[in-house]
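Colleague: First the structure, then my questions, so here it is.
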């Protein structure tokens, strides 16, 4: 397994992937694994570009995409991008409790799967596929989540995927305006990496992001995400996906700026909220149109 | 029936009530009806003072209190204040759907009720009291709300009434800070009339408060209350009672300031939120203590 | 007010009503009040026949129908039967918690209402009608029940009113088979009075129906209805309306026969259930068809 | 891996297990896997006896118990029986939706786990244990189920485990009385194998159990379990665990006997219900006591 390491805050280095694949003339690489949206750093990668790089390298590897925090919230095109295996979960864009892993496999992936050697039981595609025709499930099915999924997909189709994607971009942009107004930076090192489903916000040097998170939770009842590994203590995250509107997100922005002030970070009270409000007021008219 | 009219934005004129009762030497006045918290104008009255005025006038009238939007959220003392009939509802401080009228009657009120001449059926105390001992209900009981009431009362006793009252005052004060920062005024004409459960906010002359309300609802998904009768179009209301914390209320403040800007009222973006944030940050430490 | 008394277990004596109206040549009778389904005795009356009797008497009285335990479960025709005021509730055929009174008034009733002298507030049609056009409610609306009503009406229209009426008749008939198998009698004194929404079952002389009810509740977790007034202690009731199928009702039949045995009534174990099973098996095929 | 095959309808052959272990003088057998309650056949095994056989053989193998359909419903003693790994689920005795696998491991199992070679990720004990002290979860936790588990455990402790076990035995015995009254047999070949959480009922030769199941589901809305593998078409199952009382179970018995009659199996209408009723009436007084 070849791991492509990259600077935290950047996404998939498509050119590098292309070069590695081009160099693999014996096609020893069987699959490329890509995360469309990296939750811990708030970095979004360009899966379409990755597909193009694979095609240019004329490499037959399968393309696996981790779309847990992106599918249903930002654009994702299984067929058009030639994705062979996509995985998501119930608890992000599908707005349900955690509990369902949602997988989609291409015909090519299924064929490869047939000759796989690893012992599998619960996670074997074959048992699932065998019962598809009758609508049954090979094991005890999580009925509440399956019914919930049916309801949430209805809600999503009512809003329309394009409207959902636009709303996520719009809401995320408001958070980014708040971050700029605070004088802070995102972990994502440039607009091309900005995630529309989660923003990872770097606290200034000398402050502990975990203190911000703890304060937000214990004093204001707000759950912020934490930085992991080399970003532990350096950032906190505001998630912004699913059933969300401007005012809900302003709650989170307000809570974050209050918690930051409480731990001594020099933030002007209301500065982030004001920037978000102004952005939302000046750019959201299309949402009102869509809702009518 | 003698109606005591008073300027909108003021509460019960206790002295005037006292004078009327003192003048009623024949005791023709059978009951005094007082609203503890006037929802439409955000005005709170002093029931304890009213009781004192009644006592000073040595008048035997019954004291009826409309506590719909106050009981459970601000201090109310049935026995100590000698209230003979108090009415509340499930949908305010008790945090349930609308549907239950909650009545409390003093022994004196029950005795008077026994000789009342008006035809009654559903609302007769007698049928209710007759079944109290067995726990039954004389008619089909609203079971879901009764069970809900049991749960919400448990929640309230867990928090403690004194903590609830302090929290309501604290949250309301933040809204009042926002109003001041906007350069606007409450309908309540002085701190002695400030309601801790709802703030009625006057829009500047020349603007239509109903446009603010409509914009908040249709563009930001925020339900603000409307002015009624002589206040129609002149004010909008932010309710702040029940299961509520700072960040939820900041959502409403933000939505109100965005909607006001949208209809042309000159409000500085984020100004109300900033004032509320600062108030909450500087004064809420006791809440953190209470929660621990 | 002229009250027409009749033997408990019989319904509206239509001929007698007709005779009274015919004799009222000065039209002093302003309205006829009829209960379509008398819950306490399980007696259904013939509202269409009552209308015909009123028409034959050429009497202009209004026709008021209490349809609390019938509307939505058995046939009711506001317009065709010339009903001027119909009342129902959320907690019977509409399958919701108690809390909504559902009223329908004819144009004629509304006109008469306009000149009514009685003081009204909450229950005045005028305030309700005034807000109909905007979709608002004059007072705090019971939103949860209104949304629930929307959902339950969708469910009812999906099943189809004719199917619902047939299902209620079918399910009720199974209970009546059980009663016959027990060797007991209904309070309703003949098939023309049989209610399809509730069966009131007479216990044999010398036994206390309230003991059956108490035993069913405390030992088997089954809520049976009680006899009221002159039927107190003489009967117990099995309700059978709303979201119900054969097996749910067999639970109630089984519980009743177990409780009756427990208090010494000589019932053959399983006899009522066996009779209901046989009736349901031999007559329910149309329901299977309807469901497909 | 050594698989001990046994006749369907019998449980763990404890003597044979003991003999195999005694013969394994090199201790090549690392673990014994036993299912306490075999759902597909309704067979309960004696885990305490298995432990004794292991002890008598003086064999150090770990004891793994599949308690999915037994733990929380029938007696299970992790420590006393020296169980090293027990697995259950949320959807059986814990009365929740499917979704949680509940595992308990002995200290000995954890020690062995530390040196295990198989690649693991989500199911690795280490990550779970590492976060135990803080109350966190190493991955996205299924919050709704965890909160539900807390609630259902409270319900179970309120009833008392001994009362729960007695109730399951009592309810199951009523089903077995019904089966006997039908003249049918359980798959379990003797009282020592009777499961108190599920009864697998053999249909007479010449009939298809799957037709019974299909009829019960499509005509009566009743979900019966199916026979698997060599029992496919030969049996149907009535589950009887969790939040259940006599009348609920009589629904299922009635539905089963109606469906069996519908497909031509010669069953006397009401015979199973009558037998269950009589058993429940004559033996359930202790439950009434327990509830008081």
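Protein chains in written order, with the numbering used here: chain H, 31 to 322; chain D, 31 to 322; chain S, 31 to 322; chain W, 31 to 322. Yeah, the Cβ is synthetic: ideal placement off N, Cα and C, and Gly gets one too.
1) In the DSSP assignment, what residue or residues form a beta bridge with residue 323(H)?
2) Helix, strand or coil: which one does DSSP assign to residue 312(S)?
3) Taking the alpha helix (DSSP H) that residue 229(H) belongs to, which residues open and close that run?
4) How about the region 161-181 of chain W and the region 118-132 of chain W: do they share at least three Cβ pairs that are nearer than 8 Å?
5) Where DSSP assigns a beta bridge to residue 269(D), which residues make up the other side?
6) For residue 252(S), which residues of its own chain have a beta-carbon under 8 Å away from its beta-carbon, when the five flanking residues on both sides are left out?
7) Hey, does residue 173(S) have any beta-carbon neighbour from chain D nearer than 8 Å?
8) Let me make sure I understand the geometry here. Which of 68(S), 197(S), 63(S) has the alpha-carbon closest to that of residue 81(S)?
9) Relative to the C-alpha of residue 128(W), which residue among 229(H), 173(H), 103(H) is closest?
10) Which residues share a DSSP beta bridge with residue 12(H)?
11) Return the CA-CA distance between residue 94(S) and residue 262(S), expressed in angstroms with no decimal places.
12) Determine the closest residue to residue 68(H) out of 107(H), 46(H), 99(H), with distance taken between C-alpha atoms.
13) Between residue 195(W) and the rest of its own chain, which residues show a CB-CB distance below 7 Å, the 5 nearest in sequence each way excluded?
14) For a quick check, are the C-beta atoms of residue 155(W) and residue 145(W) less than 8 Å apart?
15) Beta carbon of residue 120(D), beta carbon of residue 101(D): below 8 Å?
16) From residue 322(H) to residue 248(D), what does the alpha carbon distance come to, in whole angstroms?
17) Exposed or buried, what is residue 307(S) when buried is set at 16 or more other beta-carbons lying within 10 Å of its beta-carbon?
18) For residue 192(H), tell me which candidate among 76(H), 107(H), 91(H), 46(H) has the shortest Cα-Cα distance.
19) Under 8 Å between beta-carbons, which chain W residues line up against residue 250(S)? List them in chain order, please.
20) Could you list the residues in the region 126-138 of chain S with a C-beta less than 7 Å from some C-beta on chain D, going in chain order?
21) Does residue 322(H) have its Cβ less than 8 Å from a Cβ in chain W?
22) Skipping 5 residues on each side, what residues in its chain have a beta carbon closer than 6 Å to that of residue 226(S)?
23) With a CB to CB cut of under 6 Å and the five nearest residues on each side skipped, what residues in its chain are close to residue 136(H)?
24) Are the C-beta of residue 290(D) and some C-beta of chain H separated by less than 8 Å?
25) Secondary structure at residue 121(W), three-state DSSP: helix, strand or coil?
26) Excluding the 5 residues flanking residue 97(D) on each side, which residues of the same chain have their C-beta closer than 7 Å to its C-beta?
27) Inspect the beta-carbon positions of residue 217(D) and residue 72(D) and report whether they are closer than 8 Å.
28) Taking the alpha-carbon positions, what's the residue 166(S) to residue 314(S) distance?
29) With distances taken from CA atoms, which of 302(H), 275(H), 269(H), 243(H) is nearest residue 293(H)?
30) Taking DSSP as the reference, what is the three-state secondary structure of residue 165(H)?
31) Which residues mark the beginning and the end of the alpha helix (DSSP H) in which residue 50(S) is found?
32) Does the CB of residue 231(S) have a neighbour CB from chain W at under 8 Å?
33) Between which two residues does the alpha helix (DSSP H) harbouring residue 284(D) extend?
34) Within 8 Å of any Cβ in chain W, is that where the Cβ of residue 91(S) sits?
35) From the DSSP output, which residues share a beta bridge with residue 40(W)?
Modeller: Reading off the structure:
1) Summary: the structure shown does not reach residue 323(H), with chain H confined to residues 31 through 322, and so no result is reported for it.
2) Residue 312(S): helix per DSSP, three-state reduction.
3) Not the alpha helix (DSSP H): residue 229(H) falls in the beta strand (DSSP E), residues 228-232.
4) These segments touch.
5) Within the DSSP bridge table, the entry for residue 269(D) names 228(D) as partners.
6) Exclusion of the five residues before and after residue 252(S) leaves 246, 281, 282, 285, 286, 289 as the residues of its chain whose Cβ lies within less than 8 Å of its Cβ.
7) Residue contact with chain D for residue 173(S): present (Cβ-Cβ distance below 8 Å to some residue of chain D).
8) Residue 63(S) is the option with its Cα nearest to residue 81(S).
9) With distances taken between Cα atoms, residue 128(W) lies closest to 173(H).
10) No answer is possible for residue 12(H): it lies beyond the span of chain H, which begins at 31 and ends at 322.
11) Residue 94(S) and residue 262(S) have their C-alpha atoms some 28 Å from each other.
12) When C-alpha distances from residue 68(H) are compared across 107(H), 46(H), 99(H), the shortest belongs to 99(H).
13) When the five nearest sequence neighbours on each side are left out, the beta carbons in the same chain lying within less than 7 Å of the beta carbon of residue 195(W) are those of 104, 105, in order along the chain.
14) Against a cut-off of 8 Å, the Cβ pair of residue 145(W) and residue 155(W) comes out as no contact.
15) No, Cβ-Cβ distance for residue 120(D) and residue 101(D) is not below 8 Å.
16) Reliability fails at residue 322(H), whose pLDDT of 44 lies under 50, so the model's placement of it is uncertain and no value is given.
17) With 16 or more other Cβ atoms within 10 Å, it is buried.
18) Nearest in C-alpha terms to residue 192(H), of all of 76(H), 107(H), 91(H), 46(H), is 107(H).
19) Under the 8 Å cutoff, chain W gives 275, 276, 277.
20) For the region 126-138 of chain S, the set of positions with a beta-carbon nearer than 7 Å to some beta-carbon of chain D reads 127, 128, 129 in chain order.
21) Any reading at residue 322(H) must be qualified, since the residue scores a pLDDT of 44, below 50, and its modelled position is unreliable; the value itself is stated next. Under the Cβ distance rule, residue 322(H) does not count among the residues neighbouring chain W, no pair being separated by less than 8 Å.
22) Around residue 226(S), the same chain offers 104, 198, 199, 202 as residues with beta carbons nearer than 6 Å, after the five sequence neighbours per side are excluded.
23) Excluding sequence neighbours, residue 136(H) sits near 114.
24) No, because no Cβ of chain H sits closer than 8 Å to the Cβ of residue 290(D).
25) Of the three classes helix, strand and coil, the one that applies to residue 121(W) here is coil, per DSSP.
26) Here the set comprises 66, 106, 116, 117, 118.
27) Residue 217(D) places its beta carbon less than 8 Å from that of residue 72(D).
28) Computed Cα separation, rounded: 44 Å.
29) Ranking 302(H), 275(H), 269(H), 243(H) by Cα distance to residue 293(H) puts 243(H) first.
30) Reduced to three states, the DSSP call for residue 165(H) is coil.
31) Looking at the DSSP string, the run of the alpha helix (DSSP H) that includes residue 50(S) is 44-53.
32) Interface residue (Cβ-Cβ distance to chain W less than 8 Å): residue 231(S) is not classified as such.
33) 276-292 is the span of the alpha helix (DSSP H), which, as asked, contains residue 284(D).
34) Nearest CB-CB separation between residue 91(S) and chain W: not below the 8 Å threshold.
35) According to DSSP, which records beta bridges pairwise, residue 40(W) is partnered with 38(W).
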